Structures are given as structure tokens and as C-alpha cells.
Amino acid sequence: AQSVTQPDIHITVSEGASLELRCNYSYGATPYLFWYVQSPGQGLQLLLKYFSGDTLVQGIKGFEAEFKRSQSSFNLRKPSVHWSDAAEYFCAVAKTGGFKTIFGAGTRLFVKA
Amino acid sequence: EPEVTQTPSHQVTQMGQEVILRCVPISNHLYFYWYRQILGQKVEFLVSFYNNEISEKSEIFDDQFSVERPDGSNFTLKIRSTKLEDSAMYFCASSEDRGAGEQYFGPGTRLTVT
């Protein structure tokens, strides 16, 4: 069965510092991989997605993620965090040709001045 | 940019009552989904819907739940005889393609069962 693990429940970084949020997935083949962001009381906004091809994908708001098949990972990165990036971040996986998206438990990002 | 809309944004109901949550997917999308997020927990898949029938559902989606596309624009989730544990944020999503398609999420309906 597919699963997604986000090892960090919460992370605190200083504004301007770099960020990496970890995500590991379990799936028998190459899945579709996503990162979503959720601000308090808001819906889910897609940051970026990986389907195939270049393993480094660029997303909105300056985020990028790298797919590493050997590590079953899809970590999210940002070189310089802004206070407005404080939110909950969800890694997700979808089965090729399937319907549902499986979400990780989320990582809450706190940004300190 | 087209977006998925959901109404109401917040619904309060008494235990045992029926509720209908409404969604308007993006107009050219063919696949529709409901997810829920209990406060403080992960987002969970409930059901997917295509061509006027359920294409996949989770173990959460039991006989208490039903989905319908009553017309060409709306997609609804009905919860019969609500329970306290149904309190959650319910997200509707739609996609143009199956699986490979990016799912666009609505803002959610917060359901509170008292």
C-alpha cells in the first residue's frame, strides 16, 4: 500500500534561512508526487508536482523539490524563507492511473524574525 | 484562474441530522473527489467520482455517505445521520485527468456536529 512519511511534525527556521522539509514515500513503482501548502483555516494549494523527467522540479513561491528514487524521497527546499511561508506543508503521493491522493501527516513550519 | 468552490464555508449541525456539502468543480474537469481532514490530522481520501459513478472509495466512505452530481456543475457529498466524529474540514477537488492529473482543491467546508 502507498504511504507517505513526513518525519518532522514541526520545524522552526529564521527568516532568510534555507529550508528543507523531508518526505519519504512507499510505493512499488514511480508515483506521482506532490507538495501542498495549507495556511491556517485555508484550503490546499499545490506548490509543485513530479510526474516524470527531470528529478528537480520547480514550483511556485520559490520552492523546489528533488525526487530521489534510490532514497524514496521527495524533499522540499527553499533557499531563503519569508515570514509568509509559515504554514503547514503536506507531501502527497498518487498512484499512476489511480484516483486518490495519499497525504502525509504534514510539517508545520514556523518562521522566526 | 478557474477554481473549485465550496458552500457553505462552515456548517453546524446536530448529531443525527443529514447534511449536504456542495462543490462546484472546475468546468472542464471530469474527475471529482472528496477528502476530509479531522482537526490536527492528515487529509484523508474519501471518494472519487467519474462518469456519474464512484470510481474509488476508502473504508471511511461507508453507507452513511453518498455523492451525487445533480446537474452539470455541482458535486455534492451527503452525510446521513451525522455523528460527532464527522466533525472535520471537507475538501472537494477536481481534475482534468485521472491519476496523472493535478487535483485542484476547494477551500473546504468546516462541518461541526454538536
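Going line by line, the protein sequences match chains A and B. Mapping to my numbering: the first sequence position 82 is 82, numbers consecutive. Plus 113 on top of the position in the second sequence (first one is 1) and you've got my numbering. Beta carbons: idealized from backbone N, C-alpha and C, even for Gly. Remember, it's a predicted structure, so these values are computed and weren't measured experimentally.
Close Cβ partners of Val-156 of chain B (< 6 Å) along its chain, the five nearest in sequence each way excluded:
As a first step, residue 156 of chain B must be located in the second sequence, where it is residue number 43. Excluding sequence neighbours, Val-156 of chain B sits near Tyr-148 and Gln-150.
Tell me whether Phe-110 of chain A is buried or exposed, calling it buried when 16 or more other Cβ atoms sit within 10 Å of its Cβ.
Sequence index remark: in the first sequence, residue 110 of chain A carries index 110 (1-based). Exposed: under 16 other Cβ atoms inside 10 Å.
Where in the segment 16–57 of chain A do unbroken runs of the beta strand (DSSP E), each at least 3 residues long, occur, reported from the N-terminal end onward?
19–21, 24–26, 32–38 and 45–50
Cross-chain neighbours of Phe-90 of chain A in chain B, by beta carbon under 7 Å
Along the first sequence, read from residue 1 onward, the residue named residue 90 of chain A stands at position 90. Result: Val-156.
Name the residues in the segment 43–67 of chain A whose C-beta lies less than 7 Å from a C-beta of chain B; which are they?
Gly-43, Leu-44, Leu-46, Lys-49 and Phe-51
Tell me where the beta strand (DSSP E) around Lys-155 of chain B begins and ends.
Position 42 of the second sequence, counted from the first residue, corresponds to residue 155 of chain B. Run containing Lys-155 of chain B: none; DSSP gives neither H nor E here.
Residue range of the beta strand (DSSP E) that includes Ile-11 of chain A
Reading the first sequence from its first residue, position 11 is the one you call residue 11 of chain A. Start and end: 10–14.
Roughly how many angstroms separate the alpha carbons of Arg-22 of chain A and Val-93 of chain A, rounded to a whole number?
Locating residue 22 of chain A in the first sequence gives position 22, where the first residue counts as 1. Locating residue 93 of chain A in the first sequence gives position 93, where the first residue counts as 1. Going by the C-alpha atoms only, they are around 14 Å apart.
If you draw a straight line from the alpha carbon of Arg-77 of chain A to that of Phe-63 of chain A, how long is it in whole angstroms?
Taking the first residue of the first sequence as position 1, residue 77 of chain A is located at position 77. Taking the first residue of the first sequence as position 1, residue 63 of chain A is located at position 63. Approximately 6 Å, taken between the alpha carbons.
What does Lys-61 of chain A pair with, by DSSP beta-bridge criteria?
Here residue 61 of chain A corresponds to residue number 61 of the first sequence, with the count starting at 1. Paired residue(s): none; Lys-61 of chain A is not in a bridge.
Taking beta-carbon pairs under 7 Å, can you tell me which members of the segment 199–224 of chain B lie near chain A?
Phe-204, Arg-211, Gly-212, Ala-213, Glu-215, Gln-216, Phe-218, Gly-219, Pro-220 and Gly-221
Using a C-beta cutoff of 9 Å, does Glu-169 of chain B count as contacting chain A?
Taking the second sequence and counting its residues from 1, one reaches residue 169 of chain B at position 56. Output row for Glu-169 of chain B: interface = yes.
Using the DSSP secondary-structure output, state which residues sit across from Thr-195 of chain B in a beta bridge.
In the second sequence, counting from the first residue as 1, residue 195 of chain B sits at position 82. None; Thr-195 of chain B has no bridge partner.
I'd like to know if the segment 220–227 of chain B and the segment 163–178 of chain B are in contact, where contact means that at least 3 CB-CB pairs between them fall below 8 Å.
no
Note down, in chain order, every chain B residue with its Cβ under 7 Å from the Cβ of Gly-28 of chain A.
Position 28 of the first sequence, counting from 1, holds the residue named residue 28 of chain A. Ordered by position in chain B, no residue passes the 7 Å Cβ test against Gly-28 of chain A, which lies about 15 Å from the chain.
Ser-161 of chain B touches chain A at which residues, Cβ-Cβ below 7 Å?
Counting from 1 along the second sequence, the entry for residue 161 of chain B is found at position 48. Neighbours of Ser-161 of chain B on chain A, chain order: Phe-99 and Lys-100.
Helix, strand or coil, according to DSSP, for Ser-70 of chain A in the structure here?
Taking the first residue of the first sequence as position 1, residue 70 of chain A is located at position 70. Helix, per DSSP.
Report yes or no: is there a C-beta of chain B within less than 9 Å of the C-beta of Tyr-25 of chain A?
Working through the first sequence from its first residue, we reach residue 25 of chain A at position 25. Answer no: the Cβ-Cβ gap between Tyr-25 of chain A and chain B never drops below 9 Å.
Check Ser-84 of chain A in the structure and name its three-state DSSP category.
Along the first sequence, one-based indexing puts residue 84 of chain A at 84. In the structure shown, Ser-84 of chain A sits in a helix (DSSP, three-state: H, G or I).
By how many angstroms is the C-alpha of Pro-121 of chain B removed from the C-alpha of Lys-100 of chain A?
As a working mapping, residue 100 of chain A is identified with position 100 in the first sequence. As a working mapping, residue 121 of chain B is identified with position 8 in the second sequence. Cα to Cα, the separation comes out at about 24 Å.
Pop quiz: Ser-207 of chain B and Ile-139 of chain B are said to be a contact at Cβ under 8 Å. What is the actual Cβ separation, rounded to whole angstroms?
On the second sequence, residue 207 of chain B is found 94 positions in, with the first residue counted as 1. On the second sequence, residue 139 of chain B is found 26 positions in, with the first residue counted as 1. That pair is a contact at about 5 Å.
C-beta contact flag for Tyr-89 of chain A and Gln-38 of chain A at 9 Å:
Stepping through the first sequence from its first residue, residue 89 of chain A is reached at position 89. Stepping through the first sequence from its first residue, residue 38 of chain A is reached at position 38. Yes, they are a contact pair.
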